[in-house]
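Per our numbering, the very first residue in the sequence shown carries number 71; after that it's consecutive.
Even for Gly, the Cβ is constructed at its ideal location relative to N, Cα and C.
Remember, predicted model here, so these are calculated numbers, not experimental data.
Contents: one structure, followed by commentary.
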Amino acid sequence: GKNMIRNILAGTIARKADVCIYSGIKSKEQFKKLRVKDCSLMPMHYSTDVYQNAEDCDIYAKYGIQYGLKIILYLGRVIERKGLLYLIQAYEMLNDMGIQLVVAGDGTEYLEECKKYVENHHIKNVLFLGYVPSTERKNFFENADLFVLPSVLDHGITEPWGQTVNESLQCGCRVVASDAVGAAYDLIASVNGAIYPAEDVQTLSDIMKKLLYAGYCRNNIKATISQYTCENMARDVLKAYEMALLR
């Protein structure tokens with residue numbers, strides 16, 4: 071279907087390119103599947119800066135988030151590919167009144183499906199905030215105890231990266247990501263979070279329970295992302311240009 075056509079088109083272009091830039095292990099694997107030679111592949115530290123143009127905001131006062139409860143954060147568009155419903159089901163299994171699930175982001179009919187599930191199952195402490203301005207994102211990551219990205223595979227393919235993983239770690243917030251998130255393979259280690267099999271609700275719930283009650287240091291988490299800066303990304307792109315010019 072869609073992926074096969076995309077692979078045929080992308081493969082034809084990629085094999086003719088002097089240089090193909092990949093962001094992370096999964097991106098490299100994809101190029102290899104398209105039969106791009108190793109000598110044409112260049113790595114890039116895919117980066118974003120959550121603090122650029124950021125504004126301070128009291129998320130508790132503005133969005134009615136409860137003080138004193140641990141925060142599990144979902145931040146991003148609520149579409150099926152992102153797997154929010156699996157996170158809601160894993161949160162439901164925790165059955166812990168000391169934790170709240172904060173969902174920041176607008177979405178499609180899938181968002182309505184998630185809201186209905188929460189309503190029908192009478193799940194407490196789930197907040198659907200709707201659209202949150204990008205200038206406020208860092209305030210959510212700085213206050214959350216865990217950021218979860220529960221993406222699902224798209225016909226067996228992981229999402230290429232997932233910049234919210236960068237943003238969360240930049241703010242010292244641990245990340246739990248499914249194995250359908252490309253960035254997870256390069257950025258997540260035991261010190262800053264965990265990876266679980268996509269759609270495995272029980273494992274996700276167990277991991278969240280363990281991490282929420284484990285001690286951690288935000289500065290140690292920030293240190294794990296120190297190489298992923300916009301400056302290093304720019305250098306990587308320049309290296310790719312230089313490599314292309316030599317060919």
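Beta-carbon spacing of residue i, residue j below 8 angstroms
i           : j           : result
residue 175 : residue 145 : yes
residue 133 : residue 216 : no
residue 155 : residue 187 : yes
residue 81  : residue 231 : no
residue 245 : residue 262 : yes
residue 209 : residue 287 : no
residue 104 : residue 76  : no
Sheet register partners of residue i (DSSP bridge)
i           : result
residue 140 : 169
residue 211 : For residue 211, which the question treats as bridged, DSSP gives no partner whatsoever.
residue 242 : DSSP lists no partner for residue 242.
residue 227 : 224
residue 216 : 142 and 244
residue 200 : 174
Delimiting residues of the alpha helix (DSSP H) encompassing residue i
i           : result
residue 275 : 271-282
residue 252 : 252-257
residue 184 : 179-190
residue 307 : 300-315
Host beta strand (DSSP E) of residue i (start-end)
i           : result
residue 114 : Careful: residue 114 lies outside any beta strand (DSSP E) and carries neither H nor E.
residue 265 : 263-266
Closest by C-alpha distance to residue i, when choosing among the options
i           : options               : result
residue 99  : 309, 227 and 127      : 227
residue 147 : 286, 184 and 104      : 184
residue 121 : 237, 298 and 131      : 237
residue 204 : 295, 139 and 124      : 124
residue 78  : 106, 209, 169 and 168 : 106
residue 268 : 191, 223 and 83       : 223
residue 195 : 178, 166 and 234      : 166
residue 130 : 152, 211 and 149      : 211
CB contact check: residue i to chain D, cutoff 8 angstroms
i           : result
residue 274 : Going by chain labels, chain D is absent from the structure shown, which holds only one protein chain.
I want to know whether the stretch 76-90 touches the stretch 262-277 - three or more CB-CB distances under 8 angstroms.
For the pair of segments examined, the stretch 76-90 was found not to touch the stretch 262-277: the number of CB pairs separated by less than 8 angstroms stays below three.
Should the stretch 108-117 be called in touch with the stretch 298-311, which here means at least 3 C-beta pairs below 8 angstroms?
Counting C-beta pairs closer than 8 angstroms gives three or more between the stretch 108-117 and the stretch 298-311, which meets the contact rule.
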